[in-house]
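Contents: one structure, followed by commentary.
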Amino acid sequence: MPLPLLRRPRSGRPSARWLAVGATAALFATLAPGGVGTLASASAEDATDCSTVPWMDQTKSADERARSLLDASTQHQLYRWLVEQPANSPQQTDFRGVTYPVQIDCTPTVVYVDGPEGVRAGAGVTTYPGQLSLASTWDTTLAFAKGTQMGDEAFGKRKNVILGPGLSGGRTPFAGRTSEYFGEDPVLSGVLAGAQARGIESNTDKPVLSDLKHYVANEQETDRQTSSSNVGERAFKQIYELSFAIASDEGSPESVMCSYNQVNGVYACENPILQTSLKDQVGFDGYVMSDFGSVHSTAASLNAGMDQELNRPIWFTPDKLDAALAAGEITQQRIEEAAFRVVRSYIRGGLFDHPLPTTAADDVSTTAHKATARRISEQGSVLLKNNGTLPLQPRDGERIAVIGTTAAKSTTEGKSATQLCSIPIPFGSGNTMSCEDLVAPVDALTSRAAIDGTDVVYDAGTDLEQAAAVAADADYVVVFGYEQNGEFSDPADLSLDGNGDALISAVAAANPRTVVVLQTGTAVLMPWLDEVAGVLENWYGGEQMGPAIARLLFGDVSPTGKLPMTFPRSEDQVPTSTDAQYPGLVDGSVVRPDGNTSIRQVDYTEGLEVGYRWYQAEDETPLFPFGYGLSYTDYRYAGVAVQATGGAKRPHLTVRFRLTNRGERAGTELAQVYLELPAKAKEPSARLIGWKKVALASGQTRTVTLHLDARTVARRHLLQYWSTSGDAWRTPSGAYRVLVGGSSEATRSAGFTVK
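Residue numbers (the numbering used here): 44 to 798.
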């Protein structure tokens, strides 16, 4: 509903009652503890009593409070909310030569911080595993816990908006920021991101807002600011926006960040989909901020639904807004709506009522936070191969060789475990977080092996001949292979970095009991797979990667992780295998000619066939399918049955099956449920609709029940497809088939009909 125009003071200036005191001398306003009291100022007798202003009245709704604040503001005070720095530093007036009046009284200092894998606030924070590791847990409880702890750490570091979690469609493993996201399925991604966002915003005494990013079809780093993601409407809704819709519904984040790329020829931050799709159809009611440098216009961006420009004022300056308003290019209504969305989110999220601490704490990490980081690394590690060598059971006096530069905290030829602790970036130290509390794998393995009376020897692996000799002289070998990806560039290939493939082959040739630990941020090829005894994917394992790896390899905990993305057999098998699909073409060429500024055209011609959907539709067998992951035991699925009630309008599904642990060890299986829609829906494959972790003792059988209530089915669009002709979600009538199993290659099935 359009907002009514606010009553602006006639003079264009606020009345004396609303003037901030001592504003030009201070950069930040500091509220008294509890958020209601007296605003800190240079002149105590002139200070405003914040308990008297209506926008600090906690008995009123967030809407009422926001409207009262904006109603009391001048036009240029209103403009402040449309840019991050003026909005968040209420008493600063100059921003690189762009001048505003001091903000109205009793508004908070707000500080944004990046946060894919942890709070990027320097030292003294917990470095959690990368988001792909969290995705591999498929665990909303862990996602919520991580979010809650990140919120706590951010507030302690004097930050109260976390730019994260991130979402993408996972259409190509070549995307540089794959490690920041949750993989290739929109339901899994949306559910986990929603849980993490809900966790971030759950601490009412130390409020921190979350920010879903980057909306939308932001699927590569190559020419991310000068490329167009050309995607059909149905794929857009079902693959790329669906994860945002689910996360918005289940996590209630207060903000969404629009991306750098164009979507079908229009920059995301000035694309009408911000209003027509994200706000109107999805129902997102927070504020939309830009990425830094992703704005290209004033009127077009504001009219499209972007509410706040990130960082400093460039396109949303007072002069440009005044000019656009005078020319009739924008309306006062839209200006006030944008400001209202920002202020309401700040109030609704608690930022007005609970000010940041005066100073940031040196260390906000705790024992509990580190335990969560270890659990994510344990449960997010995926056992890809095991010929029986794992878990390690060395006899007294036997020797384990640990090989690879990234197994140790000390640096060899520029590489160490520290650089694989979190998401790497290609400048500075090579790491976004300090990881000062990192427990390196070789140290953890040495400590654990000592319990069994086993020695550990370490070799960096930079000399292949020497590494092979060390391996040959050991009873077991644990060799580390790594791949680094991150923001600003896409990986050139899917091979391991640092001559890793050659190292693994040389070591495996010297010792058949070789186990590979992978530290990667995307899928990688494994030309040596048949030569090794086992493979454990640890992703970017966080500061507790060492204890997690040691506990898994020695069997102190059983692997439970499942892949959130498909691993291809070759680069040619990647679903986006043509140049037009990835990386796209610039005037018909993959390589951008010198001086060329044309938009790279990236054609999403695979449509709905993203990730495992493509492999199923094209009858291709990947190296490892989506959802795959081994345990130290074995499971059997049987007796699948499904009950559907409520008809097409309010479908409710109950799926039951028997799960048996056929091995000699206890274990936890992540059972997955997929659904094939009726043929008339023209879907390429089955789709993931649910999952459940099931703990079983050796030999135990349980009947597992998965309830998907009508609201969940509807809000996640589990039985629906997007009708381009009807511009709406549709539930097709006809025969559906439910498939249950341990990966996307599930075969146990049962059917039901919707009329």
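In this text, a Cβ means the ideal position worked out from N, Cα and C, and glycines have one as well.
CB contact flag (residue i, residue j, <9 Å)
i    : j    : result
E530 : R220 : yes
L353 : I373 : no
A240 : A290 : yes
Y122 : I390 : no
S802 : Q281 : Past the boundaries of the shown model lies residue 802; the chain is included only from 44 to 798, so the question cannot be answered.
D498 : G589 : no
V331 : S286 : no
D292 : V325 : yes
L606 : L595 : no
R643 : Y675 : no
V259 : V306 : yes
L175 : L427 : no
A450 : A493 : no
Rounded C-alpha distance that separates residue i from residue j
i    : j    : result
T688 : L782 : 18 Å
Y678 : G794 : 23 Å
T448 : D752 : 49 Å
R615 : P665 : In the sequence on display, residue 615 carries Asp and not Arg. Taking the straight line from one Cα to the other gives about 11 Å.
T215 : V617 : 7 Å
R791 : G733 : 15 Å
K458 : T432 : 28 Å
G393 : V251 : 8 Å
L749 : T183 : 15 Å
I419 : P172 : 7 Å
V838 : N542 : With the chain represented from 44 up to 798, any question about residue 838 goes unanswered, as that position is not in the structure.
R758 : R693 : 11 Å
Q715 : T746 : 14 Å
A623 : Q375 : 42 Å
A347 : W181 : 35 Å
G329 : L561 : 39 Å
T152 : F395 : 9 Å
N273 : V575 : 42 Å
F187 : G638 : 47 Å
D599 : L435 : 10 Å
P398 : T102 : 18 Å
Neighbourhood of residue i by C-beta distance below 7 Å, restricted to the same chain and skipping five residues each side
i    : result
L112 : W98, I147 and V386
S477 : G165 and A166
A517 : R442, I443, A444, V500 and N554
D544 : S538, P570 and W571
G308 : S271
R163 : V156, D157, T475 and M476
Of the residues the options, the one placed nearest residue i, counting alpha carbons only
i    : options                   : result
G207 : S253, K363 and A450       : S253
N246 : G371, S270 and T191       : T191
R442 : R417, K413, V482 and T489 : T489
D630 : T640, Y680 and T621       : T640
Q422 : T603, V685, R123 and G670 : T603
G294 : V154, F335, E244 and D334 : E244
A288 : G308, V274 and L210       : L210
T91  : T150, Q101 and Q118       : T150
L185 : V234, R491 and V141       : V234
G670 : M300, T402, T746 and M608 : M608
E456 : Q436, D506, V306 and S340 : D506
L364 : Q436, P398, Y143 and D323 : Y143
P133 : W124, V141, R139 and T703 : W124
Close-in-space but distant-in-sequence residues of the same chain around residue i (CB under 6 Å, 5 per side omitted)
i    : result
V126 : E352, P356 and F359
E712 : Y678 and V737
S472 : Residue confidence for S472 is low, a pLDDT of 43 falling below 50, so the modelled location carries little weight and cannot support an answer.
E526 : L539, D540, T563 and V567
G504 : I446, G447, A510 and L546
D276 : The sequence shown places Glu at residue 276, not Asp. Same-chain partners within the cutoff: T767.
A342 : A367, E372 and I373
S787 : Y655, P668, F669 and G670
D362 : none
G681 : The residue asked about is misnamed: residue 681 is Ala in this sequence, not Gly. Excluding positions up to five away in sequence, the list reads R701.
S728 : R656, Q659 and A660
Neighbourhood of residue i by C-beta, 8 Å cutoff - its chain only, sequence neighbours within 5 removed
i    : result
F217 : Q263, D533, P534, L537, T565, V617, T619, Y625 and P626
C464 : T170, N474, M476, C478, L481, Y583, G584, G585, E586 and M588
N430 : A576 and G577
V875 : Nothing in the structure corresponds to residue 875, since the chain is present only between 44 and 798.
Residue i CB to nearest heavy atom of the ligand GDP below 8 Å
i    : result
G329 : Because no ligand of any kind appears in the structure shown, any question about the ligand GDP cannot be addressed here.
Requested in this report: Examine the Cβ distances between the stretch 507 to 517 and the stretch 551 to 568 and report whether three or more of them are shorter than 8 Å.
Outcome: yes
Query raised in the report: If we count Cβ pairs, one from each stretch, closer than 8 Å, do we get three or more for the stretch 739 to 746 versus the stretch 716 to 724?
Result: no
Query raised in the report: Using 8 Å as the threshold, is the stretch 226 to 235 in touch with the stretch 647 to 655, meaning 3 or more CB pairs across them?
Result: yes
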